[in-house]
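Peer 1: The following block contains the structure, expressed as structure tokens.
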Amino acid sequence: GESVGLHLPTLSVQEGDNSIINCAYSNSASDYFIWYKQESGKGPQFIIDIRSNMDKRQGQRVTVLLNKTVKHLSLQIAATQPGDSAVYFCAENKNPGANNLFFGTGTRLTVIP
Amino acid sequence: GAGVSQTPSNKVTEKGKYVELRCDPISGHTALYWYRQSLGQGPEFLIYFQGTGAADDSGLPNDRFFAVRPEGSVSTLKIQRTERGDSAVYLCASKPQGAGYGYTFGSGTRLTVV
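Structure, rendered in structure tokens:
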């Protein structure tokens, strides 16, 4: 399953399938991007990050892809599990050198058993 | 403790009242952040502390909002003359010095102004 973030804020996938969550970021000067997972009633939890000098980074079951040409970021989750159901946010440091992050609206991922 | 602790977890207050929200960061974390998250939105930056001082308060929406961190550990976010539009989840995060953006969030305080 695939989402385009702001235009499709919900994504439903079958357990075991791969998920792709997309994010369009706004500032070409941003040099650091993070994906967070937020479960109901909890704070955002760090998943994976990537710097602007990279175009791909892999973690455990997750891969982040960065396309600076079109200012697009995606999070791929392999073999999606029920525990992956949450809202996923991309965040960027619009002001490199500052310490704050700008978060997108988020995409709700629902895994169907 | 093991994580960032925020109290209370829920706060209901009447319009016009004053509220204080508390954050206990992870022990030893020098950097502390406050974010605000409205329903269906991503967190929005409010203020950042490095040690005891507010290094960046550019996200505070107006002068009704103020935060302190007097001993470089616990922080309190203070909101005066609360308005219904202040209703949101207020998130605190902390990180060690030099850890980039890899900060750890607490579970937040849900503030409801009625």
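Top line first, the protein sequences correspond to chains A and B. Using my numbering, you'd call the opening residue of the first sequence number 1 and step up by one each time. Using my numbering, you'd call the opening residue of the second sequence number 114 and step up by one each time. Ideal Cβ positions, reconstructed from N, Cα and C, are used throughout, including at glycine.
(1) Could you name the residues of the same chain whose beta carbon sits closer than 6 Å to that of A/LEU65, not counting the 5 residues immediately before and after it, in chain order?
(2) Along the beta strand (DSSP E) that carries A/SER74, what are the first and last residues, could you check?
(3) Suppose the cutoff is 7 Å on Cβ atoms and the five residues either side in sequence are ignored; what does the same chain contact list for B/PHE179 look like?
(4) Below 9 Å between beta carbons is the criterion; list the residues of the segment 138-150 of chain B that meet it against any residue of chain A, in chain order.
(5) Taking the Cβ atom as the reference point for each residue, do A/LYS68 and A/TYR25 lie within a distance shorter than 7 Å?
(6) Can you tell me where the beta strand (DSSP E) holding A/GLY97 begins and where it ends?
(7) I need the straight-line Cα distance from A/LEU8 to B/TYR216, nearest angstrom please.
(8) Quick one, which of B/VAL227, B/GLY221, B/GLN210 has its alpha-carbon nearest B/GLY198's?
(9) What residue from A/ASP17, A/ILE48, A/GLN38, A/TYR32 has the CA that sits closest to B/PHE218's CA?
(10) Mind checking the segment 91-113 of chain A against chain B and listing, in chain order, the residues whose C-beta falls within less than 8 Å of any C-beta there?
(11) Expressed to the nearest angstrom, what Euclidean distance is found between the alpha-carbon atoms of B/GLN150 and A/ARG61?
(12) Can you name the residues of chain A whose CB is closer than 9 Å to the CB of B/LEU204?
(13) Spatial neighbours of B/PRO63 within its chain, please: C-beta separation below 7 Å, excluding the five flanking residues on both sides.
(14) Is the beta carbon of A/SER19 closer than 7 Å to that of A/THR80?
(15) Which runs of the beta strand (DSSP E) fall wholly inside the segment 17-55 of chain A and span at least 3 residues, in chain order?
(16) Between B/GLY129 and chain A, is any beta-carbon pair separated by less than 7 Å?
(17) Below 9 Å between beta carbons is the criterion; list the residues of the segment 170-200 of chain B that meet it against any residue of chain A, in chain order.
(18) So, with DSSP's three-state summary, where would you put B/ASP170?
(19) Please return the same chain residues whose Cβ sits closer than 8 Å to the Cβ of A/THR110, not counting the five positions on each side in sequence.
(20) Rounded to the nearest angstrom, how far is the Cβ of B/VAL132 from that of B/LEU224, given a contact under 8 Å?
Peer 2: Once the coordinates are examined:
(1) LYS56, SER74
(2) 72-77
(3) LYS191
(4) ALA144, TYR146, TYR148, GLN150
(5) no
(6) First-last for A/GLY97: undefined, no H or E at that position.
(7) With a pLDDT of 48 at A/LEU8, under the threshold of 50, the modelled position of that residue is not reliable, and the figure given next carries that caveat. Their Cα atoms are separated by approximately 28 Å.
(8) B/VAL227
(9) A/GLN38
(10) ALA91, ASN93, ALA98, ASN99, ASN100, LEU101, PHE102, PHE103, GLY104, THR105, GLY106
(11) 28 Å
(12) GLY43, PRO44
(13) Any answer about residue 63 of chain B is impossible in this case: the structure gives chain B only from 114 up to 227.
(14) yes
(15) 19-24, 32-38, 45-51
(16) no
(17) SER171, GLY172
(18) coil
(19) THR10, LEU11, SER12, VAL13, SER85
(20) 7 Å
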